[in-house]
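Each remark here refers to the structure printed beneath this line.
Protein chains: 2
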Amino acid sequence: MGEKYQALVARLSEIRNVDRARAILSWDQQVNMPRGGAKARAAQLSTLSRIGHDMLISDETRHLLQDAEKETEDAAYDSVEGSMIRVTKRDVHQATCVPTQLVADITEAEALGHQVWAEARANNNFAAFEPALQRILDLKRQEADFLGFVEHPYDAFLDQYEPGMTASRVKRLFDAHKSELVELVVAVSAHSDRANDAVVRQSYPIDKQRAFGLKMVSNYGYDFERGRQDEAVHPFCITFAQGDVRITTRFTENYLNPALFGTMHEAGHAMYEQGVAPELEGTPLSRGTSLGVHESQSRLWENVVGRSRNFWSWAYPQLQDTFPDQLKAVDLETFYRSINRIAPSYIRVEADEATYNLHIMVRFELEMALVTGALAVHDLPKAWNERFESYLGIVPPTDKEGVLQDIHWSSGLIGYFPTYAVGNMLAAQYYRQALAAHPTIPDEIGQGKFDTLREWMRINIYQHGRKFTADELTQRITGEPVECGYFVDYLKAKYTDIYGL
Amino acid sequence: MGEKYQALVARLSEIRNVDRARAILSWDQQVNMPRGGAKARAAQLSTLSRIGHDMLISDETRHLLQDAEKETEDAAYDSVEGSMIRVTKRDVHQATCVPTQLVADITEAEALGHQVWAEARANNNFAAFEPALQRILDLKRQEADFLGFVEHPYDAFLDQYEPGMTASRVKRLFDAHKSELVELVVAVSAHSDRANDAVVRQSYPIDKQRAFGLKMVSNYGYDFERGRQDEAVHPFCITFAQGDVRITTRFTENYLNPALFGTMHEAGHAMYEQGVAPELEGTPLSRGTSLGVHESQSRLWENVVGRSRNFWSWAYPQLQDTFPDQLKAVDLETFYRSINRIAPSYIRVEADEATYNLHIMVRFELEMALVTGALAVHDLPKAWNERFESYLGIVPPTDKEGVLQDIHWSSGLIGYFPTYAVGNMLAAQYYRQALAAHPTIPDEIGQGKFDTLREWMRINIYQHGRKFTADELTQRITGEPVECGYFVDYLKAKYTDIYGL
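These protein sequence lines are chains A and R, in that order. This note's numbering numbers the first residue of the first sequence as 1 and each following residue consecutively. This note's numbering numbers the first residue of the second sequence as 1 and each following residue consecutively.
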C-alpha cells in the first residue's frame with residue numbers, strides 16, 4: 001500500500017469514527033435515553049451528521065482521493081485498494097451531487113412529514129398527511145434529477161439502497177412471481193385448517209423468551225463478545241465496530257413469534273456485520289453491501305433456517321423444556337405449522353413468508369406511480385385498497401391498517417421497500433448455492449450445527465463487506481443476477497408439504 | 001444579545017455537542033460495551049476529542065470570540081454574556097497554551113502509565129510503576145510551565161480542576177484541621193465499641209438495594225425523567241444534556257453501604273447538573289463550576305443528609321420494610337451508628353467522613369514533593385507509609401493497599417485529590433448557610449422533605465453553572481472563601497454525640 005492510499009484510508013477512518021459515534025448516539029436514543037434528553041440529542045446527532053458530511057466532501061478528502069487513485073491505478077478490480085477507491089468515489093459523489101439547500105429542505109420536510117404522519121396514523125386521517133407527502137414527493141423528484149438516472153427517476157432512489165438495481169428490473173422480478181404467490185395464497189386458503197397459531201399465542205414469560213432467543217442466535221454464531229441485545233420499540237441491528245454489533249428486539253408476552261423470530265432476523269444482520277474481513281475494519285468497506293443482501297441474511301436465519309422443520313426438530317425439545325406449561329402437550333408438527341401459518345393480513349411487518357412480497361409489490365407499484373405523478377397523492381388510499389384486494393384478497397378496514405401503516409414515505413424513504421423483497425429472493429438463491437456446495441447443511445441444522453452454513457456465507461458474502469455491489473456478489477456466487485424462481489420454488493415445496501396441496 | 005455574541009454561542013454549542021457525544025461514547029464504554037468494541041471505541045473517542053479540540057482552538061472560534069467580546073464589552077460581570085466570554089477565553093487559553101506535541105506525549109504517557117499501573121497494582125510491584133510515573137511527572141512539570149503559575153507549579157494543575165485554588169491555600173486549609181481530625185480519630189478509637197458495621201454487612205438482595213436507592217434519590221429530587229441509573233465498575237455521574245444526566249453505581253450483595261451511599265453521592269452530582277439554569281443549556285456554562293463545588297453536592301447528599309439521624313428517622317422504617325429479615329430486630333440508633341462508624345482504613349474510597357480528608361492530605365503532601373522533585377519517585381512508598389502512619393495510625397501492609405491504590409497519578413491527574421477535601425469542607429460550609437436561611441431544614445429532612453434544601457442549593461449554586469468560579473460562588477453565598485472550620489465543627493458535633501466523647 002502506497003503512502004497516499006494510506007493517507008486516504010486514515011482520513012476515511014476518521015470520517016467513519018464520526019459516523020459510528022452518530023450510530024452510538026442513535027442506539028442510545030432508542031434504547032436508553034430518558035425523555036428529557038430528546039431535544040439535545042437531536043442537536044448532537046445533527047452536529048455529528050454535519051461534521052461527517054463536511055469531512056467527506058472536503059477538499060482534503062477529495063485531494064487524498066485523487067492522489068490515492070493515481071497511486072493505485074494498477075490495483076485489481078477486486079482488490080481492497082481498487083474497491084476502496086471505487087466505493088469512496090461513489091460515496092463522495094452521492095454526498096455532493098445534491099445541492100446543500102435541497103438536502104436541508106428534504107431533511108426538514110421529512111422531520112415534519114414524520115410528525116404529521118404519526119398523528120395522521122393515530123387519527124386514521126390520511127387527508128392530514130396529504131400535503132406533507134406531496135411536499136416530500138416534490139422534493140424527492142428534484143433530488144432524483146441531481147442524483148441522476150437513465151430510465152426512470154425511481155432508479156435514482158433504488159440506487160441508494162441497492163446500487164445497480166433499477167425499477168424495470170424490480171418490475172420484471174415482481175411480475176415474474178406475483179401471480180404464483182397469489183395462487184399459492186389462494187391454494188393455501190382452501191386448507192387453512194391445517195395450521196393455526198393458537199399455540200404461539202399463549203402467555204410466554206418475557207425473561208424466558210429472552211434467554212431462549214439468545215441461546216438460539218448464539219448457536220447460529222452471533223458472537224456476544226462482540227455484540228449484545230437490548231429492547232427497543234422498533235427492532236434493529238446497528239454496527240459500532242466489527243467488535244461491537246448490537247441488536248434490539250421487542251417482547252410480546254402473549255405472542256412468541258415477534259421476539260423469537262425478530263431476534264433471529266436481527267442476528268442474521270449482525271452476523272453479516274461481524275463477518276466482514278478484519279482488514280476492512282474502520283473503512284467505508286466494512287459493512288453490508290446493500291439493503292437487499294443484508295435482508296437476505298436476516299431472512300435466511302429467520303425463515304429459511306429458523307422456520308424450517310429441521311431446525312425445530314433440534315430446537316423444539318429445548319423450547320418445550322423452557323415452556324413446559326405451554327408446549328408439553330403440543331407435538332412438533334403442530335408447533336412447526338403454527339409458526340408457518342399463511343394467511344393474508346393487513347400489516348406488512350406481521351406478514352408471513354408467502355404473502356410478504358405481495359405487500360411489497362403493492363407499495364412498489366404505488367411508489368412508481370407517485371414519483372411520475374401518474375397517481376395523485378389524494379387518490380392513494382383508494383389505489384392502495386384496490387391493489388391490496390387484488391393481490392391479497394382483503395381490503396384494509398381503515399387507512400391505519402392500510403396506506404398509513406409504514407413510516408417509510410413520511411421519512412422520504414422512497415425506493416426502500418423493494419429491498420425487502422430482494423432480500424427474500426436472495427435468501428433462497430444463496431441458500432440453494434450453499435446447499436449445492438454442502439448438501440449436508442439441512443442435516444446439520446437438524447443437529448443444531450450452523451457452522452457450515454454460516455462459514456459459507458462468511459466466505460462468500462460477509463467477508464467482502466462493500467467491496468462488490470449486490471449484483472457483482474450475486475453473479476460471483478450464483479453465476480446469475482438476483483432471480484425470483486428459487487424463492488418461489490422454496491415456498492412451493494415448503495407449503496405444499498405443510499398444507500398438503 | 002447581539003448578532004456576534006449569538007454567532008459565538010452557536011459555535012460553542014456545536015463544540016459542546018461534540019464533547020457531549022464523546023461523553024455518551026464514554027458512558028456506553030463503561031456501562032454496555034461488549035469486550036470486542038474496545039479498540040474501535042478508543043479510536044472513536046480519540047477522533048471526537050481531536051475534532052472538539054480543533055473546533056475550540058480554530059481561527060473561526062477565536063474570531064467569533066474577539067468579535068463577541070467587543071460587542072458585549074459593557075455586559076455586567078455576573079451577566080450570562082459577560083460570563084460566557086470570560087469562561088470561553090479561559091477555555092480557549094487552556095486548550096492552546098500547551099504545545100500539541102506535549103499534549104500528545106502526555107496522552108501517550110498516561111495511556112501507558114494506566115496500563116503499567118494496573119499491572120503493578122495487581123502484582124503489588126511499585127518498582128514496575130516507577131519509570132512510568134517518573135515520565136508522567138517529568139511531562140506534567142513541563143506542562144505546568146506552559147499552563148503558567150505564580151507561586152508553585154502545583155498551582156497550574158490545581159487551577160484546572162479548582163480554578164483559583166493554589167497549593168499554599170490548600171496547605172493552609174489542611175494544616176488548619178489536620179491535627180483536629182487526628183485527635184478526633186484517636187478519641188473515637190477509645191470508644192470504638194459504640195459503633196460497628198455488622199448490620200450493614202449482611203446479605204442484601206441487589207434488586208431491593210437498587211429499588212430502595214432509587215426511591216431515596218427520587219425523594220432528594222433527582223429527576224428520572226431527565227436521568228437514569230445503570231451499573232458500572234467505577235461509579236460516576238455524567239451529563240449529556242440538562243435533560244439527560246445519568247448516574248452509575250456498583251452493587252455489593254454483602255454490604256449495604258457502597259450502592260446506597262454511592263447512589264446518594266452520584267445523585268448529588270446529578271442534581272447539580274440538572275439544576276443549571278435552562279438558558280445556559282448547550283453552552284460551556286452549563287455544568288458545575290469546579291470539582292470541589294461538585295463534590296460539595298455529592299458529599300452533602302451522601303453524608304450531611306444521607307448519614308444524618310434526621311434522615312434515617314424518616315427512612316429507616318422504609319429500609320426495615322424493604323429488608324425485614326436483616327433489620328426488623330435492629331433499632332434505629334444501632335443502624336445509625338453502623339453507617340457512621342469511624343475507623344482508620346487503608347483505602348480512600350472506603351474511608352469514613354472523619355478520616356477521609358487525612359487520606360487526601362497524605363496524597364497532597366506527597367504530590368507537592370514529587371512535583372518539585374523534593375521527593376524521588378523511588379522513595380514514594382516509604383514516604384507514603386510514614387505519612388500514613390503519622391496521620392491515621394496504621395501502616396498499609398502492602399503497596400496495593402497503599403501508594404498503588406489510586407488510578408489518579410497513573411492517569412496524569414496530579415492536583416485532583418485536594419478537590420475531594422474541598423468538597424467536604426464546602427458541603428459543611430454551604431449547609432450551615434442553608435440552615436441559617438431555613439432553620440427548619442433538619443426537621444423537614446426528618447419528614448422526608450428535601451425541597452427547601454435542594455431549592456436553596458439550586459438557587460445559590462446549581463443555576464449559575466460555570467458563571468462564577470468556586471471562590472466567587474462561595475464568597476457570594478457565605479461571605480468568605482472555603483474554610484475548614486465548619487467541616488470540623490460538623491464532625492465534632494456529630495461524632496461527639498455518636499461516640500459519647
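Ideal Cβ positions, reconstructed from N, Cα and C, are used throughout, including at glycine.
*Quick one: residues in its chain with C-beta nearer than 7 Å to the C-beta of A/D155, no 5 flanking neighbours on either side, listed in chain order?*
F149, T166 and A167
_Rounded straight-line distance, which links the Cα of R/L181 to that of R/D352_ = 12 Å
*Determine the DSSP secondary structure at A/Q507, reduced to helix, strand or coil.*
Here chain A comprises residues numbered 1 to 501, so residue 507 of chain A is not present and cannot be evaluated.
*Look at R/V293 and R/I441 and say whether their C-beta atoms are less than 8 Å apart.*
no
_Suppose you measure from the CA of R/N219 to the CA of R/P34; what does that come to, to the nearest Å?_
34 Å
*Going along chain C, which residues have a C-beta under 9 Å from A/E279?*
Although the question refers to chain C, the structure presented lacks it and instead comprises the protein chains A and R.
_Using a Cβ-Cβ cutoff of 9 Å, what residues of the region 237 to 254 of chain A are near chain R? List them in chain order._
F240, A241, Q242, G243, D244, V245 and R246
*Kindly indicate if chain R contains any beta-carbon less than 8 Å away from that of A/G36.*
yes
_contact_flag[the region 6 to 18 of chain R, the region 275 to 284 of chain R] where n(CB pairs < 8 Å) is 3 or more_ = yes
*Note the first and the last residue of the continuous beta strand (DSSP E) segment covering R/T248.*
D244 to T249
*Compare the C-beta of R/D28 with all C-beta atoms of chain A and state if any pair is closer than 8 Å.*
yes
_Enclosing alpha helix (DSSP H) for R/V51 [first to last residue]_ = Here residue 51 of chain R turns out to be Ile, not Val, going by the sequence shown. Segment A38 to I57, the alpha helix (DSSP H) holding R/I51.
*Using a C-beta to C-beta distance shorter than 9 Å, which residues of chain A count as neighbours of R/E225?*
P34, R35 and G36
*List the residues of chain R that A/A376 touches, going by C-beta distances under 9 Å, in chain order.*
Correct list: empty, because the minimum Cβ distance to chain R is about 41 Å.
*According to the neighbour-count rule (16 or more other Cβ atoms, all chains shown, within 10 Å of its Cβ), is R/N17 buried or exposed?*
buried
*asked:* I'd like the span of the alpha helix (DSSP H) that includes A/R318, first residue to last.
replied: Note on residue identity: the sequence assigns Gln, not Arg, to residue 318 of chain A. First-last of the alpha helix (DSSP H) with A/Q318: R309 to T322.
*CB-CB length for A/F487 against A/A436, believed under 8 Å*: A/F487 to A/A436, Cβ: 16 Å. No contact.
_With a threshold of 8 Å on Cβ separation, who are the neighbours of R/R250 within its own chain once the five nearest residues in sequence on each side are excluded?_
E231, A232, V233, H234, P235, P258, A259 and G262
_Does the CB of R/R228 have a neighbour CB from chain A at under 8 Å?_
yes
*Endpoints, beta strand (DSSP E) assigned at R/I238*: C237 to A241
*Ignore the nearest five residues each way along the sequence and tell me which others in R/P381's own chain have a CB closer than 7 Å to its CB.*
F126, D399, G402 and V403
*asked:* Strictly under 8 Å for the Cβ-Cβ distance: is A/K39 near chain R by that measure?
replied: yes
*asked:* Quick check: what's the CA-CA separation for A/R432 versus A/V98?
replied: 40 Å
*Check the DSSP bridge columns for R/E231 and list the partner residues they point to.*
R/T249
*So which residues of chain A does R/A343 contact, with C-beta pairs closer than 8 Å?*
None at all; the shortest Cβ gap to chain A is about 39 Å.
*Given a cut-off of 8 Å, decide if A/L64 and A/E8 are closer than it, judged by their beta-carbon atoms.*
Note on residue identity: the sequence assigns Leu, not Glu, to residue 8 of chain A. Contact: yes.
*Does the beta-carbon of A/Q297 have 16 or more other beta-carbons within 10 angstroms, so that it is buried, or is it exposed?*
buried
*By a C-beta neighbour count over all protein chains shown, 10 Å radius and 16 as the cutoff for buried, is A/E295 buried or exposed?*
buried
*Outcome for A/L291 when other beta-carbon atoms lying within 10 angstroms are tallied against a minimum of 16*: buried
*asked:* Measuring straight from C-alpha to C-alpha, what distance separates R/G500 and R/H265?
replied: 28 Å
*asked:* Suppose you measure from the CA of A/R387 to the CA of A/A421; what does that come to, to the nearest Å?
replied: 17 Å
*For R/E333, name the three-state secondary structure that DSSP assigns.*
helix
_Rounded straight-line distance, which links the Cα of A/A374 to that of A/R22_ = 38 Å
*Spatially closest choice to R/K140 from R/A277, R/G412, R/H53 and R/S189, by CA coordinates*: R/G412
*R/E14 versus chain A: which residues are under 7 Å apart at the beta carbon?*
T47
*Partner residues on chain R for A/L25, Cβ-Cβ distance less than 7 Å*: A21 and I24
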